[in-house]
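Contents: one structure, followed by commentary.
In our numbering, the protein residues as written are 2 to 525.
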């Protein structure tokens, strides 16, 4: 059995094609229900708790999440479950207290930058929107490649051109129904994809646990793999520093805790629900499906690790391909599933994973393009009509989509995918934390402090491996001495905006606190 052997057959292709065709029809149908900007961006703010929960889970349990969590499961084994603990605790605290999300929904804004103007100034709104889109599009830049790697791995298409063609085709499909239907289309497809994905995840988990020898096999495996994320060295590998370690654990705990509360694609669901109380409950009830999104894919990655360890011939071929950079550790999980799930069911699983792919892409595309139209173009142009805002949003979706295709084809992720996502996320999160929390809970928060905090977020790009290598080569060339590392840059990025925001707000107060009086003029 070769590395690219798969059980994927003609019947599986039929299942996948039928599902994708259904998504196109949904986009055409949902376009009839888009009456204005509120419908297009937040589905008219009519989401109740059950539908909001389904669409939020459908968005956040995207294929990129499945891929990076499974990759962590493969490389870090049981130690990868630290992400689940951090996220569930964060959701539970927010859901129980309503911290930030309750007050933010009370503001009745369409986007986070609109709140910046209501609380601070139009300049803060535009700068905040630019930083948000920069971080979001960079963060999203690898989603397309991750999804394509899954499809290539599970179908056994090892031709490099196949990856590029699949990336292009998947992107065009998502662009089609997102441009047409906006949030109405996104909510409807997310609900369907939530159901399909739930079935697919259960099917995969059953086969993985069975292949591992049941719960007893899992327990035995835990004793021979990496379990404690506080250890900086992974005992399974021979490479020093190949584990998580306290520095990275601290950096990712801080980043993920803030992302749970303030990440724009998640907040867009908060702003689309019916009442502030529903917003709070949404976070509380999300803790269960979000626990599943961090544990089940990790289980599949752990299964891939065990499979390649037991089947030494395939495992050796995989390691050689990774060393030659023909594939990455992201491909471990799909290559594994292609061998243990029978034909027919594999088509359902693949459709479920494509559902996860589309759920994330449609919501994120709409989120970032809505910010471009609503919070950058409209303020700078002196206002846009509803029709104009929808048009700019649709054009922005296409432009962002073109960038995603270019970035996905060109950029090589120099670290595990989750590390890349966490690092690029700090560009927005580090500045948004003091600006939003300070604006909601501290009366002395000022526009000058907000601008300084938002701009400081750009430090986050220094956490990318290419930038770190450049910094170390110029400033810290001695490999045996002090050198900058990703976790340190993440912590510096997260701390700097808050440390700047507080003193500048005190030293340069606002003469008149923003009250949103000009918001209506901008978007009317």
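Where is the CB? At the ideal position from N, CA and C, for every residue including glycine. Note that the structure is a prediction, hence the values are computed from the model and not measured.
Item, Value
"Return the chain-ordered list of same chain residues with a C-beta closer than 8 Å to the C-beta of residue 75, the five sequence neighbours on each side being excluded.", "302, 303, 305, 306, 330, 333 and 334"
"Leaving out five residues on either side along the sequence, give the residues of the same chain with a beta carbon under 7 Å from the beta carbon of residue 511.", "447 and 448"
"On the three-state DSSP scale, how would you describe residue 245?", "coil"
"Within a Cβ cutoff of 7 Å, which residues of the same chain sit near residue 370, ignoring the five residues on either side of it in sequence?", "394, 397, 398 and 401"
"Thinking C-alpha only, which one of 5, 174 and 293 is nearest residue 86?", "293"
"Roughly how many angstroms lie between the CA atoms of residue 256 and residue 15, to the nearest whole one?", "41 Å"
"Rounded to whole angstroms, what is the Cα-Cα separation between residue 308 and residue 337?", "7 Å"
"Would residue 230 and residue 474 be called neighbours here (beta carbons separated by less than 9 Å)?", "no"
"Starting from the Cα of residue 300, find the closest Cα among 212, 281 and 265 and give me that residue.", "212"
"Start and end of the alpha helix (DSSP H) containing residue 314?", "313 to 324"
"Count the other CB atoms within 10 Å of the CB of residue 162; is the residue buried (16 or more) or exposed (fewer)?", "exposed"
"Please report how far the alpha carbon of residue 94 lies from the alpha carbon of residue 287, in whole angstroms.", "12 Å"
"Might you give, ordered along the chain, the residues of its own chain that have their beta carbon closer than 7 Å to the beta carbon of residue 354, omitting 5 neighbours on each side?", "64, 67, 151 and 201"
"Go through the segment 378 to 439 residue by residue and report every complete run of the beta strand (DSSP E) that reaches 3 residues or more, in order.", "none"
"Assign residue 263 to buried or exposed, taking buried as 16 or more other Cβ atoms, counted over all protein chains shown, within 10 Å of its Cβ.", "buried"
"Please report the distance separating the alpha-carbon of residue 366 from that of residue 140.", "12 Å"
"Out of 486, 458 and 479, point me to the one whose CA is closest to residue 131's CA.", "458"
"Identify which residue in 269, 453, 283 and 323 has its Cα closest to the Cα of residue 89.", "283"
"On the criterion of 16 or more Cβ atoms from any shown chain inside 10 Å, does residue 363 qualify as buried, or is it exposed?", "buried"
"Hey, could you find the ends of the alpha helix (DSSP H) residue 65 is sitting in?", "64 to 77"
"Given this structure, state the Cα-to-Cα distance separating residue 455 from residue 208, to the nearest angstrom.", "46 Å"
"Can you give the Cα-Cα distance for residue 127 and residue 73, rounded to whole angstroms?", "36 Å"
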